[in-house]
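2 protein chains.
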Amino acid sequence: MSAYLMVGIEGAAPRLVERSVATISAQDRGFLYGDGLFETIRVVQGRTPYLASHLERLGAGAATLLFPRLPWRLDELAAACHDLIRANHVTDGYVRLTVSRGPAARGYEAPPDPTPTLVMQASEWRPAPDLYTAGYRAVLSSVRVSAHSPLCRVKSLSALEKVIARTQAAQQGCNEALLLNTDGYLTEGAATNLFVVREQRLLTPALACGLLPGIGRRQALQLARALGYPCEEGFLTVEDLWRADEAFVTNALVLAVPLTAVDGRPIGHGGRPGPVTAAILAGLRRAMGIE
Amino acid sequence: MSAYLMVGIEGAAPRLVERSVATISAQDRGFLYGDGLFETIRVVQGRTPYLASHLERLGAGAATLLFPRLPWRLDELAAACHDLIRANHVTDGYVRLTVSRGPAARGYEAPPDPTPTLVMQASEWRPAPDLYTAGYRAVLSSVRVSAHSPLCRVKSLSALEKVIARTQAAQQGCNEALLLNTDGYLTEGAATNLFVVREQRLLTPALACGLLPGIGRRQALQLARALGYPCEEGFLTVEDLWRADEAFVTNALVLAVPLTAVDGRPIGHGGRPGPVTAAILAGLRRAMGIE
């Protein structure tokens, strides 16, 4: 574990704090109401290739949450992120950036003039040696999400639905939980976006189904198109999983992981990672400068 | 504001802490993922008439959230609650009790052996002088909730959907936001349960519509039946609001507040509080020992 966190309490400039004494008010709305946002940013050889995309999404999310503004400029957050990485000597890993609406009196209604809280933590992390060969086994979660909630489109601190789904998956010996919306369409994994490959075409649930516009999802779509694979964002059902040649899931940390089984049923040809998934993973690693 | 909070960090016994120094770890899952529960308990003349119901719901919620157990016995929490009320000399007000899954490493998946965090705050509170005569004006929120999510049935720290709905209502000069589910049925207010009165009968959305089993809701149903009003839990639409003779909303703090207008349209006879609502409120106040 790293020694330092970066914190900005009540809108103050970010500063390094020793992990053991990094605390927030017990009346912070992040703690009381899950009222805030986060980003998980991959670090490669001390660099953060997609930091600008993460900070852009953070700014958009703050608007969705009706924050009047963030007290930190995005370039200030980027500088703090790099200071934290250096202070903790992180080479390959991640930064988790958390912004809450800060402390306030009781009640759901947001204060008109909040003093947000910032917490950033950095840590070494590398994929498990067999991550890309073994892939993920997933369950279909019994949780159904609403496509008509602002929450499904932001990476919010109100993540308990995903906590429950992913914990239930782990209790069944699986790595991920796939969530359907209340209309029965596939949306995403609890911590990942979903892709299905069929006849050399990539299919992924459209944002209208109710899912996070993942940074990894966008990179995978851009890359696939550049590689000449036709891509379609649409309305996918469980049947699309059963008919898939391959499937994979993406996020900013793992990039693209083969989905080898869902509810115990092998995906594609015997549940083995497929060649299109391998091509996407290789391209994403290249784009991030991972050897 | 009260001087003391009651905290129990990493499962330790609750103890009184001065408000200004009451902090939690920046890596608490309550802060990172909205991973926990809360209760708001009304205090009447230093007593807590429905504390046992709140603690019972807290225990049920912990099971829904897949907590292996709570580290505090319910009688221990009740004693801590009363110690806090006495320390702060609260006569009439509330206690907010918050339990999170405690600090843990990154990732949605819950640790198998969590060390939960407890925070209790107590404060004086009295209804605004005109609360029961002016009533609440509500908006119909554009947020649609999923009836197929475990979250709608627990009072969780992942409350951002309600924060957004209630904040949007306030921006329109209203007091509450009514939420429909994705099938178009009424569920509840962001911070209240909903009742409609028609021809001396009480109608309220069934739990299957996706809503919190409110303590105030249960008390209102029991009382209405005792007073001889037929009660029905069912599938209500917006049309039921327009056809209502009266409507009111309930929670543990405000008890029963007349709903006088929705989206600017008066409810019942000219948007005036009705006699059935008044009878329910009077009965709830009597049952709590409020003069």
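In order, the protein sequence lines correspond to chains A and Z.
Its first residue numbered 215, the first sequence is counted upward by one per residue in the numbering used here.
Its first residue numbered 215, the second sequence is counted upward by one per residue in the numbering used here.
All C-beta atoms, glycine included, are put in the ideal place defined by N, C-alpha and C.
Query: Span of the alpha helix (DSSP H) around SER267/A; Result: 265-278
Query: Start-to-end residues for the beta strand (DSSP E) that takes in CYS445/A; Result: 445-448
Query: Short CB-CB distance (under 8 Å) between GLY307/A and chain Z; Result: no
Query: Cβ separation of ALA320/A and THR254/A, assumed to be a contact under 8 Å, to the nearest whole Å; Result: The question names Ala, but residue 320/A in the sequence shown is Arg. Their Cβ separation, rounded to whole angstroms, is 30 Å, which puts ARG320/A and THR254/A out of contact at 8 Å.
Query: Three-state secondary structure assigned by DSSP to ILE429/Z; Result: helix
Query: Beta-carbon gap between SER337/Z and ASP249/Z smaller than 8 Å; Result: no
Query: Candidates GLY275/A, ALA466/A, GLY225/A, ALA501/A: closest to GLN332/A by CA position; Result: Looking at the sequence itself, residue 332/A is Leu, so the reference to Gln does not match. Comparing Cα-Cα distances from LEU332/A to each of GLY275/A, ALA466/A, GLY225/A, ALA501/A, the minimum goes to GLY225/A.
Query: Three or more C-beta pairs below 8 Å linking the stretch 274-283 of chain Z and the stretch 292-299 of chain Z; Result: no
Query: Proximal residues, the stretch 234-247 of chain A versus chain Z, C-beta separation under 9 Å; Result: ALA236, THR237, ILE238, SER239, ALA240, GLN241, ASP242, ARG243, GLY244, PHE245, LEU246, TYR247
Query: Chain A contact for THR312/Z (CB, 8 Å cutoff); Result: yes
Query: Short CB-CB distance (under 8 Å) between HIS362/Z and chain A; Result: yes
Query: Amino acids of chain A, ordered along the chain, whose beta-carbon sits closer than 8 Å to that of GLU375/Z; Result: SER363, PRO364, LEU365, SER372
Query: GLU232/A - DSSP class collapsed to helix/strand/coil; Result: strand
Query: Residues of its chain near PHE281/Z, where Cβ-Cβ distance is below 6 Å and the 5 sequence neighbours each way are ignored; Result: none
Query: is_contact[LEU345/Z, chain A] using C-beta, thresh 8 Å; Result: no
Query: Per-residue burial, ARG358/Z [other beta carbons within 10 Å of its own, 16 or more giving buried]; Result: buried
Query: For TYR247/A and GLY273/Z, the rounded distance between their alpha carbons; Result: 19 Å
Query: Interface partners of VAL359/Z on chain A, CB under 8 Å; Result: SER360, SER363
Query: Contact with chain A by ARG380/Z, beta-carbon distance below 8 Å; Result: yes
Query: Distance CB(ILE481/A)-CB(LEU455/A) smaller than 8 Å; Result: yes
Query: Within 9 Å of chain Z by C-beta, residues of the stretch 246-267 of chain A in sequence order; Result: LEU246, TYR247, GLY248, ASP249, GLY250, PHE252, THR254
Query: 7 Å Cβ cut-off: residues of chain Z touching THR396/A; Result: SER360, HIS362, THR396
Query: Reference HIS303/A; option with closest CA among GLU270/A, TYR322/A, GLN259/A, TYR346/A; Result: GLN259/A
Query: Residue interval of the alpha helix (DSSP H) (run including GLU375/A); Result: 374-385
Query: Which of helix, strand or coil DSSP assigns to GLY225/A; Result: helix
Query: C-beta neighbour in chain Z for GLU323/A, strict 8 Å; Result: yes
Query: 7 Å CB neighbourhood of GLY420/Z in its chain, flanking five on each side removed; Result: For the sequence presented, residue 420/Z should be read as Ala rather than Gly. Closer than 7 Å at the Cβ level, and outside the excluded window around ALA420/Z, lie GLU447, GLY448, PHE449.
Query: Minimum Cβ-Cβ distance from LEU279/A to chain Z less than 8 Å; Result: yes
Query: Test: ALA466/Z CB closer than 8 Å to a CB of chain A; Result: no
Query: Between the CA atoms of PRO427/Z and SER267/Z - distance to the nearest angstrom; Result: 11 Å
Query: Outcome for ARG457/Z when other beta-carbon atoms lying within 10 angstroms are tallied against a minimum of 16; Result: exposed
Query: Nearest residue (CA-CA) to THR237/A, options PRO325/A, ALA292/A, MET334/A; Result: MET334/A
Query: Neighbourhood of ARG340/A by C-beta, 8 Å cutoff - its chain only, sequence neighbours within 5 removed; Result: ASP306, GLY307
Query: C-beta neighbour in chain A for VAL333/Z, strict 8 Å; Result: yes
Query: LEU473/A versus PHE462/A - alpha carbon distance; Result: 5 Å
Query: Min CB distance ALA405/Z to chain A below 8 Å; Result: yes
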